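Colleague: Shown below is the structure under consideration.
In the numbering used here, the protein residues as written are 2 to 154.
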């Protein structure tokens, strides 16, 4: 399977977090700076931030060792001390590009902490569709139901 990129969107307490996703020399992804933090009630700005993240691509970085593994940059931006605290109160989505299609995949909570891909709800969008249109679909799916409560409506 050809892997052409991966980007993540996290929604937590009315904010969207979009880390830059680097690909390590070993082949796994990890979040790095910059991380964009956007108010969820502004879907246009959220879409623009996601497009910027995709256009930044996935820079290749050296594979960290267990001893020098960096702290996840989401912690600083969300003002939490642990990833498990963040994950318990966040919804997450993945946008990936593989073999001629964009894949929009929500995550489901898994066990005590963490999340797993909800493959039953993954949507494949042909790569011929514009990036802006794909991102708009992702933002709509991710924020549906959230905005009504946040706006008090």
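Just so it is clear, CB atoms sit at the ideal spot from N, CA and C, and this is done for glycine as well.
Every value quoted in this text rests on a predicted model; they were computed, and no experiment measured them.
1. Are residue 92 and residue 104 closer than 9 angstroms when you measure CB to CB?
2. Please give me, in chain order, every unbroken run of the alpha helix (DSSP H) with length at least 4 that falls completely inside the region 28-96.
3. Where residue 150 and residue 26 are concerned, what is the direct C-alpha to C-alpha distance, given to the nearest angstrom?
4. How many angstroms separate the CA atom of residue 60 from the CA atom of residue 35?
5. Is residue 123 closer than 9 angstroms to residue 107 when the C-beta atoms are compared?
6. If you draw a straight line from the C-alpha of residue 53 to the C-alpha of residue 127, how long is it?
7. Where does residue 13 land, buried or exposed, given buried means 16+ other C-beta within 10 angstroms?
8. Just to confirm the assignment, what range does the alpha helix (DSSP H) spanning residue 133 have?
9. So, for residue 133: in the same chain, excluding its five sequence neighbours on each side, which residues have a beta-carbon less than 8 angstroms away from its beta-carbon?
10. Buried or exposed for residue 125, going by 16 or more other Cβ atoms inside 10 Å?
11. Could you pull out every residue in the same chain whose Cβ sits closer than 6 angstroms to the Cβ of residue 64, ignoring the five residues on either side in sequence?
12. Buried or exposed for residue 88, please, with buried defined as at least 16 other CB atoms from any protein chain shown within 10 angstroms of its CB.
13. Going by DSSP, what residue range makes up the beta strand (DSSP E) through residue 117?
Modeller: Looking at the coordinates:
1. no
2. The region 28-96 contains these whole alpha helix (DSSP H) runs: 44-57, 74-79 and 84-89.
3. Residue placement at residue 150 is flagged as unreliable, the pLDDT there being 46, under the threshold of 50; the coordinate-derived value follows with that caveat. Rounded to the nearest angstrom, the two C-alpha atoms are 42 angstroms apart.
4. 12 angstroms
5. Yes, these two residues count as a Cβ contact at 9 angstroms.
6. 20 angstroms
7. buried
8. Per DSSP, residue 133 belongs to the alpha helix (DSSP H) from 132-144.
9. 48 and 52
10. exposed
11. 25, 26 and 27
12. buried
13. If you look at residue 117, you'll find it in the beta strand (DSSP E) that goes 116-118.
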